[in-house]
Every structure is written in structure tokens, then in C-alpha cells.
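**Student:** This is the structure I have questions about; it appears just below.
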Amino acid sequence: MHAWSEVEHDLAYKPLQGELSVEEYSLLDQLNGLVHAGEMALERMQFAGQRRTDVAGQRFDTHYDLAAHLLGHVRDGGRRTALAPEVGAVEILHRFLIRLDLNSPSRIAPYLSGLSTGLVKQTLADQVLESLVNEDASRIRILRSAQAGSGSNSEPEAIGDLFFRFIVEWNDLENRLRNLAPDLDGSSVLQVLARSLIDRGVIGELLYSKIMELRERRNRYVHLAVLPVESDLRSDLQKLEDVIEALPEDQEC
0 MHAWSEVEHD LAYKPLQGEL SVEEYSLLDQ LNGLVHAGEM ALERMQFAGQ RRTDVAGQRF
60 DTHYDLAAHL LGHVRDGGRR TALAPEVGAV EILHRFLIRL DLNSPSRIAP YLSGLSTGLV
120 KQTLADQVLE SLVNEDASRI RILRSAQAGS GSNSEPEAIG DLFFRFIVEW NDLENRLRNL
180 APDLDGSSVL QVLARSLIDR GVIGELLYSK IMELRERRNR YVHLAVLPVE SDLRSDLQKL
240 EDVIEALPED QEC
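Letter by letter, the sequence shown follows residues 0 to 252 of numbering that gives the first Met the number 0.
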């Protein structure tokens, strides 16, 4: 409706030639009603799909069912924002959940509690992927298989092992950073957390920049279905280990 309102405003108040006629205004009103009716129908379809998949023991038959469930969870949690949340690569998430045997409302529930539609720019699907991989780094291999859309993971063993090591080290880095600021909310976004550590004089700007660069690389590795160059992955792993080594000891609680 927001996009339609912009179109209606431009037609009514910024016509290219002359004023709109009574008939044109009438047509605008008709189109406005059709757009509104279409939105209501889509919302009812989403509700119907969510009710079907929310039945105890029911599985997500398609990625559309999963998308409806994610959007419904955000809506039911009262987390409405000015812009509708972006679902993201829900096809990949659906394949990933099937491989993990978590493809149902009850089994995915623990990973939806932290879904955010506010400052976090990640899509809903990417946030769930993050939670699943952070809980068990070995799942990165299964995720790569889901991204490829195949039944088995065919990437070289060396790269698979490097992926696993990189995710394990990254999780260690995140835990170390959170331990350096135990008074902060454990769900704080990493960028906010790292910036807070700068303000407290715990880390410097250079280390912060390295962490943010590695964070970007990590997100590319996890969310893009592109096989990385082995030498790049080895280099990033070494940089990650160097950053962890440069961190001060955990703060006393």
C-alpha cells in the first residue's frame, strides 16, 4: 500500500499535463480498492498457511510454508516495523532444516526467539541460519550442501575442514568479546558490542576494524553459495587467530 500511495500522490498532485478528470479520480479510487483487497487476500492466505503448518507435528511441506511461519512469528510477537521484514533465502533455510531434521514449527521454535526486525539488517532466514550454525559449528558442512542444493556435500575436503575451523574460531571470538563486557545484553549485535569495547578502552580502532572485516568475510562464507578460494580461507583463518590472540584477557565479573 505504501508504494501505491506514492503513485496515487504523484498522479494527483504532480500530473504531467493538466488536472486529473473526475473519471480519472474515480479510476484511482477503484484501483486503490483493488490493491487494498489484494493485500487483504494475501494476508489471509498467509494466515491460512501458518495455521496449517502450526498444527502439532506438522512439517513445512514447502519453503512457502516456512516463510509464512517466520512472518507469522514476527507478527504474533508484536514486532511490527514501518517496513515489512525481509524473509530472505528461505529456500536454502528449508533445505537446511530438512537435513537437520528440524523442519517443523516445534523443532524450529528455539531458534526464532531472537529474531529481530529492527536495527539488524539480516533477513529472517539468515538470522535463523546464524543461530543454527552458532549452536553447532559442524553444521556448516550441512549448510554448504543445502546451499548447493545437492544431497551430499561435494566441496573439497580441505575447504570443508577450513570452513569448520573458521566457524569454530569465529564463535570463540564472539564469546571472548562478550566475556569482555559481561554487563551487556548477551544478544547485543556484534558491531554494537565491539564499539562498546572501544568506548571502554578495552580494544582499539585497529582491532575493531579487523573484527568488522572478518565479520563481513564470515557472513559471505556462511550465506553465499559460492565456493571460496582455499588460499583466501586459510588467510582469513590466520587473521582470525591473530585477532583472538590480540584480545585482552576476560574481564572479572
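A virtual CB, placed ideally from N, CA and C, is assigned to each residue, including glycine.
Rounding to the nearest angstrom, what Cα-Cα distance links Phe162 and Glu240 in this structure?
**Tutor:** Their Cα atoms are separated by approximately 14 Å.
**Student:** What is the DSSP secondary structure of Val188, reduced to helix, strand or coil?
**Tutor:** DSSP places Val188 in coil when its eight states are reduced to three.
**Student:** What residue range is occupied by the uninterrupted alpha helix (DSSP H) comprising Ser234?
**Tutor:** From DSSP, the alpha helix (DSSP H) with Ser234 extends over Glu229 to Ala245.
**Student:** Considering only their Cβ atoms, is the gap separating Leu172 from Ile91 smaller than 7 Å?
**Tutor:** The answer is no: Cβ separation not under 7 Å.
**Student:** Can you give me the Cβ contacts of Ala157 inside the same chain, cut-off strictly under 8 Å, excluding the 5 residues immediately before and after it?
**Tutor:** These residues qualify, in order along the chain: Glu229.
**Student:** In terms of residue numbering, what span does the alpha helix (DSSP H) encompassing Ala136 cover?
**Tutor:** Segment: none, Ala136 is in no alpha helix (DSSP H) and carries neither H nor E.
**Student:** Under 8 Å by Cβ, that's how I've got Pro104 and Gln57 pegged, so tell me the actual separation to the nearest angstrom.
**Tutor:** Between Gln57 and Pro104 the Cβ distance is about 7 Å, and since that is below 8 Å, they are a contact.
**Student:** Buried or exposed, going by whether 16 or more other CB atoms sit within 10 Å of the CB of Gln237?
**Tutor:** Gln237 should be labelled exposed.
**Student:** Is it right to say Asp235 is buried, meaning 16 or more other beta carbons lie within 10 angstroms of its own, or is it exposed?
**Tutor:** Flag for Asp235 reads buried.
**Student:** By the 10 Å Cβ neighbour count, where 16 or more other Cβ atoms means buried, how is Pro84 classified, buried or exposed?
**Tutor:** Label assigned to Pro84: buried.
**Student:** Nearest to Leu65 by CA position, among Ile202, Leu179, Leu26 and Val127, is which residue?
**Tutor:** Ranking Ile202, Leu179, Leu26 and Val127 by Cα distance to Leu65 puts Val127 first.
**Student:** If you check the beta carbons only, do Leu179 and Leu196 fall under 7 Å apart?
**Tutor:** Result yes, Cβ atoms of Leu179 and Leu196 sit closer than 7 Å.
**Student:** Here's the rule I'm using: 16 or more other beta-carbon atoms within 10 Å means buried, otherwise exposed. How should Tyr24 be labelled?
**Tutor:** The residue in question, Tyr24, is exposed, as its Cβ has fewer than 16 Cβ neighbours within 10 Å.
**Student:** With DSSP as the reference, label Pro104 as helix, strand or coil.
**Tutor:** Helix at Pro104.
**Student:** I'd like to know whether the C-beta atoms of Ala193 and Ile210 end up nearer to each other than 7 Å.
**Tutor:** Cβ atoms of Ala193 and Ile210: closer than 7 Å.
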